[in-house]
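Worksheet for the structure shown next.
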Amino acid sequence: MHYLGLDIGGTKIAAVVMDAHGWEIRRYRCPTQKSTYQQFVSCVVALIEQIRRDVQRPMLTGIALPGSISPLTGLIKNANIQVINGHALQADLQQLLGQPVVIANDGNCFALSEACDGAGQDYDVVFGITLGTGCGGGIAIKQRPFIGAWGNAAECGHITLPGYMEQEDGPSVSCYCGKHNCVESFVSGSGFSERYQQMTGNLLTPAAIVTLAQRG
Numbered sequence: 147m148h149y150l151g152l153d154i155g156g157t158k159i160a161a162v163v164m165d166a167h168g169w170e171i172r173r174y175r176c177p178t179q180k181s182t183y184q185q186f187v188s189c190v191v192a193l194i195e196q197i198r199r200d201v202q203r204p205m206l207t208g209i210a211l212p213g214s215i216s217p218l219t220g221l222i223k224n225a226n227i228q229v230i231n232g233h234a235l236q237a238d239l240q241q242l243l244g245q246p247v248v249i250a251n252d253g254n255c256f257a258l259s260e261a262c263d264g265a266g267q268d269y270d271v272v273f274g275i276t277l278g279t280g281c282g283g284g285i286a287i288k289q290r291p292f293i294g295a296w297g298n299a300a301e302c303g304h305i306t307l308p309g310y311m312e313q314e315d316g317p318s319v320s321c322y323c324g325k326h327n328c329v330e331s332f333v334s335g336s337g338f339s340e341r342y343q344q345m346t347g348n349l350l351t352p353a354a355i356v357t358l359a360q361r362g
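Per the numbering used here, residue 147 is the first one in the sequence shown, and the count goes up by one each step.
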């Protein structure tokens, strides 16, 4: 049996195939298509089907993504890929692919990985933060993910910044979660670009902003 893991972010999808011994077999990467829910699902299905054709082996498939599955409804919530919120993504993918698919929050996957065989394996409690297009987090306790009653126990990206003052910090920033001045609106790739645009009028990628800063 082989294993297929997808890490879906707001900008790209990274995938890796491993054999039964944990050795990497193949690696893939493609842009995240997210104009509509249908486009997103088609993008994920197309990638998995391509990998199936390449590998020609049965694969257990797991997906890590921003957001979480509601324990009550089975629907995606709190994802910065907003077109997937409110949809039964796991059920839809399983139907289209004809196989079981496991979906979990990317921050929880990161924390669990570090707790099991990474930097946190000697600790009972591991907290990890993911930084990319968005900002997320995960908790693992005794090598098991802790998601809380609502499935979003460690979503640190949606903690409101304490002491935010518009006269010093600029206009209040609305977040797709419904709150204002969330950590993710500032501490993330997208937040970095948006704050730079707010200050200068120019929209640049985080990499381009860092390059300008290094040039002085």
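Built from N, CA and C at the ideal position, the CB exists for glycine as well.
- Bounds of the alpha helix (DSSP H) holding Asp315 are Glu312 to Asp315.
- Comparing alpha carbon positions, the residue from His148, Thr157 and Gln184 closest to His167 is His148.
- Residue burial annotation: Cys262 is exposed, with fewer than 16 other C-beta atoms found within 10 angstroms of its C-beta.
- Across the set Arg361, Asn231 and Ile227, the C-alpha of Asn231 shows the shortest separation from the C-alpha of Gly220.
- Ala257 and Val162 have their C-alpha atoms spaced approximately 18 Å apart.
- Of all alpha-carbon atoms in Ile171, Gly151 and Thr157, the one lying nearest the alpha-carbon of Pro352 is that of Thr157.
- Ser336 sits away from Val319, with the two beta carbons spaced by 7 Å or more.
- It is roughly 34 Å from the alpha-carbon of Ala192 to the alpha-carbon of Ala265.
- Restricting attention to Val356, Thr346, Ala300 and Met345, the CA atom closest to the CA of Val329 is found in Ala300.
- DSSP places Ala359 in the helix class (H, G or I) of the three-state scheme.
- For Asp165, there is no enclosing alpha helix (DSSP H), as DSSP marks it with neither H nor E.
- For Ile305, same chain residues with a beta-carbon under 8 Å away, outside a window of 5 residues either side, are Cys328 and Val329 in chain order.
- Counting only the Cα atoms, Cys323 lies some 16 Å from Gly283.
- Secondary structure note for Val191: its alpha helix (DSSP H) is the uninterrupted segment Tyr183 to Val201.
- Straight across, the Cα-Cα distance linking Leu235 with Val187 is about 8 Å.
- Of Thr178, Lys180, Ile197 and Thr182, the smallest CA-CA separation from Ile171 is found for Ile197.
- The three-state reading of DSSP puts His326 in strand, counting E and B together.
- When the alpha-carbon of Lys223 is set against those of Leu243, Gln245, Asn251 and Arg199, the nearest one is in Asn251.
- For Gly335, the enclosing alpha helix (DSSP H) starts and ends at Gly335 to Thr346.
- For Leu150, the beta-bridge partners assigned by DSSP are Val163 and Thr207.
- Sorting His326, Gly303, Cys302 and Trp169 by C-alpha distance to the C-alpha of Glu312 places His326 at the top.
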